[in-house]
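J.: The structure follows.
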Amino acid sequence: MSSRRNFLAASAVALASIISAYAPTALAQLGGKVPRIIVPFPAGGATDIIARLIADELRGRYAPSVIVENRPGASGRVGIEYVKNADPDGNVMLYTPDFPITLIPHAYKKVNYDPIADFIPVATCTASITVLSAGPALPAGVRTVSDLVQWLKANPKLALYGSASPGSAQHFVGVMLARAAGIEMTHVAYKGGAAAIQDLLGGQIPISINPLAEVLPHYKAGKLRILASAKPNRSVFLPDVPTLVESGYKDVFLRGWSAILVPARTPRDTVVKLHNAINEALKSEAMAKNLAKLTYEALPTELAEAATYLREDYQKWGGIVKASGFSADD
324 MSSRRNFLAA SAVALASIIS AYAPTALAQL GGKVPRIIVP FPAGGATDII
374 ARLIADELRG RYAPSVIVEN RPGASGRVGI EYVKNADPDG NVMLYTPDFP
424 ITLIPHAYKK VNYDPIADFI PVATCTASIT VLSAGPALPA GVRTVSDLVQ
474 WLKANPKLAL YGSASPGSAQ HFVGVMLARA AGIEMTHVAY KGGAAAIQDL
524 LGGQIPISIN PLAEVLPHYK AGKLRILASA KPNRSVFLPD VPTLVESGYK
574 DVFLRGWSAI LVPARTPRDT VVKLHNAINE ALKSEAMAKN LAKLTYEALP
624 TELAEAATYL REDYQKWGGI VKASGFSADD
């Protein structure tokens, strides 16, 4: 009995020594902080879910613990401004889809951040899919984008399309398509994708442009038909559905990516460490399976490519928004 007590006592001393030796080092590496991924949208949506998947994968790869914090508001601008003003030490990251940092700055008057000057893109994370869907208000014989354009030309008063919100990427896919096809289409803005899909199913609008995840259950049930996707290439989730590019509109596409960014002036070695950890996470089998359930694909890239994605799409949307004349106060 005595020897057992001595063994336990010795083990406790040894364990305490290990912890005391390790803990200061771990805390020093993190500056005494727990890294946070800021999501500029409410909890429960696809962006939030993916951020939590990434946080799970970063634990142990980047830091002992990584948490997700939602800071929604103003089409993502609240959370983005928060990260802009955070300490540039690698402990506060932004996870966002592309449009709040590539499109919103051109479409809204009140934007207090410069996506190019105020952030360092660390890694692209996922690729999403936007689709053009038809509901029961559109005749059953309209099966292709070419058919749709002909029908819209013949029925200009019915040339309506829905999307989740004004100034969204889906809104501007419709703008691009109308311009390329030489037709007039009226955008019907909704407060969220679910409301747009409801009116599409109800026949109030003939077509809508939405992320695939919002449409897929209704498509599988045969209640809606997908005429085209807005990806540059066919989606693995819709191998039989052509793209708008294939349908003759070579400039009408969305890359539809998401990324993790950190405040400008974050040290280069911290950026590289985080980039490598994210890429490792994106290449894991578990991540691929979880993303597929949400109709997303992992999009690991080189560090420089993340900056290229941001710069190219920021410039692209600037021209499109300016040409459209669209501007929103809030």
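Heads up: the sequence shown begins at 324 in the working numbering, then just goes up one per residue.
Where a beta carbon is used, it is the ideal one built from N, C-alpha and C, also for glycine.
Using the three-state DSSP reduction, which class does residue 593 fall into: helix, strand or coil?
T.: As a working note, residue 593 is residue 270 in the sequence shown. Note: residue 593 maps to helix in three-state DSSP.
J.: Look at the alpha carbon of residue 578 and the alpha carbon of residue 386, and state the distance between them as a whole number of angstroms.
T.: Residue mapping note: residue 578 aligns to position 255 of the sequence shown, counting from 1. Residue mapping note: residue 386 aligns to position 63 of the sequence shown, counting from 1. If I take the Cα positions, the gap works out to 30 Å.
J.: Where DSSP assigns a beta bridge to residue 580, which residues make up the other side?
T.: For this step, residue 580 is matched to residue 257 along the sequence shown. 450.
J.: To the nearest whole angstrom, what separates the beta carbons of residue 391 and residue 381, a pair I think is in contact under 8 Å?
T.: Counting from one through the sequence shown, the residue named residue 391 turns up at place 68. Counting from one through the sequence shown, the residue named residue 381 turns up at place 58. Incorrect: roughly 10 Å between the Cβ atoms, too far for contact.
J.: Assign residue 478 to buried or exposed, taking buried as 16 or more other Cβ atoms, counted over all protein chains shown, within 10 Å of its Cβ.
T.: Taking the first residue of the sequence shown as position 1, residue 478 is located at position 155. It is exposed - the Cβ of residue 478 has fewer than 16 other Cβ atoms within 10 Å.
J.: Per DSSP, which residues does residue 511 bridge with? Please list them.
T.: In the sequence shown, counting from the first residue as 1, residue 511 sits at position 188. BP columns for residue 511 point to 485.
J.: Restricting to Cα atoms, I'd like to know which of 430, 393, 407 and 405 is closest to residue 637.
T.: Position 314 of the sequence shown, counted from the start, is the residue given in the question as residue 637. Among 430, 393, 407 and 405, the Cα nearest to that of residue 637 belongs to 430.
J.: Using only CA atoms, which one of 558, 615, 565 and 585 lies nearest to residue 416?
T.: Start at 1 with the first residue of the sequence shown, and residue 416 comes out as number 93. The shortest C-alpha separation from residue 416 is found at 585.
J.: Excluding the 5 residues preceding and the 5 following residue 342 in the sequence, name in chain order all residues of the same chain whose CB lies nearer than 6 Å to its CB.
T.: As a working mapping, residue 342 is identified with position 19 in the sequence shown. Bear in mind that a pLDDT of 35 at residue 342, under 50, signals an unreliable position, so the number given afterwards is only what the model happens to contain. If we look at residue 342 and ignore the five residues flanking it on each side, it has no Cβ neighbours.
J.: Applying the 10 Å Cβ sphere with the 16-neighbour rule, what's the burial state of residue 529?
T.: In the sequence shown, residue 529 corresponds to position 206, counting from 1. With 16 or more Cβ atoms within 10 Å of its Cβ, residue 529 is classed as buried.
J.: Indicate whether residue 519 and residue 533 have their beta-carbon atoms separated by less than 9 Å.
T.: Within the sequence shown, the letter at position 196 stands for residue 519. Within the sequence shown, the letter at position 210 stands for residue 533. Contact flag set, yes.
J.: Does DSSP put residue 345 in a helix, in a strand, or in coil?
T.: Walking along the sequence shown from the start, residue 345 turns up at place 22. In this prediction, residue 345 has a pLDDT of 35, which is less than 50 and means its spatial position is unreliable; nothing more can be read from the coordinates.
J.: Less than 6 Å between C-beta atoms, sequence neighbours within five positions excluded: which residues of the same chain meet that for residue 378?
T.: Indexing the sequence shown from 1 puts residue 378 at position 55. These residues qualify, in order along the chain: 360, 389 and 391.
J.: Please classify residue 631 as buried or exposed, where buried requires at least 16 other C-beta atoms within 10 Å of its C-beta.
T.: The residue labelled residue 631 in the question sits at position 308 within the sequence shown. That one is exposed.
J.: Rounded to whole angstroms, what's the CA-CA distance from residue 613 to residue 376? Just pull it up for me.
T.: Against the sequence shown, residue 613 aligns to sequence position 290. Against the sequence shown, residue 376 aligns to sequence position 53. Cα-Cα distance, rounded: 8 Å.
J.: How many Å lie between residue 432 and residue 371 at the Cα?
T.: For this step, residue 432 is matched to residue 109 along the sequence shown. For this step, residue 371 is matched to residue 48 along the sequence shown. Between residue 432 and residue 371, the C-alpha separation is close to 26 Å.
J.: Hey, residue 475 and residue 508: beta-carbon distance below 9 Å or not?
T.: Taking the first residue of the sequence shown as 1, we reach residue 475 at position 152. Taking the first residue of the sequence shown as 1, we reach residue 508 at position 185. Yes; because the gap between Cβ atoms is below 9 Å, this pair is in contact.
J.: Under the three-state reduction of DSSP, which class applies to residue 419: helix, strand or coil?
T.: Indexing the sequence shown from 1 puts residue 419 at position 96. DSSP places residue 419 in strand when its eight states are reduced to three.
J.: Tell me whether the beta-carbon of residue 464 lies closer than 9 Å to the beta-carbon of residue 531.
T.: In the sequence shown, counting from the first residue as 1, residue 464 sits at position 141. In the sequence shown, counting from the first residue as 1, residue 531 sits at position 208. Going by C-beta atoms, residue 464 is not nearer than 9 Å to residue 531.
J.: For the alpha helix (DSSP H) holding residue 404, just list the boundary residues, first then last.
T.: Working through the sequence shown from its first residue, we reach residue 404 at position 81. Counting along the chain, the alpha helix (DSSP H) containing residue 404 begins and ends at 400-407.
J.: What's the gap between the Cα of residue 491 and the Cα of residue 576?
T.: In the sequence shown, residue 491 corresponds to position 168, counting from 1. In the sequence shown, residue 576 corresponds to position 253, counting from 1. Taking the straight line from one Cα to the other gives about 14 Å.
J.: At which residue ranges does the segment 518-551 contain complete beta strand (DSSP E) runs of 3 or more residues, listed in the order of the chain?
T.: Fully enclosed beta strand (DSSP E) runs of 3 or longer: 530-534.
J.: Between residue 424 and the rest of its own chain, which residues show a CB-CB distance below 6 Å, the 5 nearest in sequence each way excluded?
T.: Counting from 1 along the sequence shown, the entry for residue 424 is found at position 101. These residues qualify, in order along the chain: 438.
J.: Nearest to residue 536 by CA position, among 396, 550, 517 and 601, is which residue?
T.: To locate residue 536, count along the sequence shown from 1; it is residue 213. Of the candidates 396, 550, 517 and 601, the one whose C-alpha sits nearest the C-alpha of residue 536 is 517.
J.: At the level of alpha carbons, what is the spacing between residue 409 and residue 624?
T.: Here residue 409 corresponds to residue number 86 of the sequence shown, with the count starting at 1. Here residue 624 corresponds to residue number 301 of the sequence shown, with the count starting at 1. Each residue's alpha carbon lies about 25 Å from the other.
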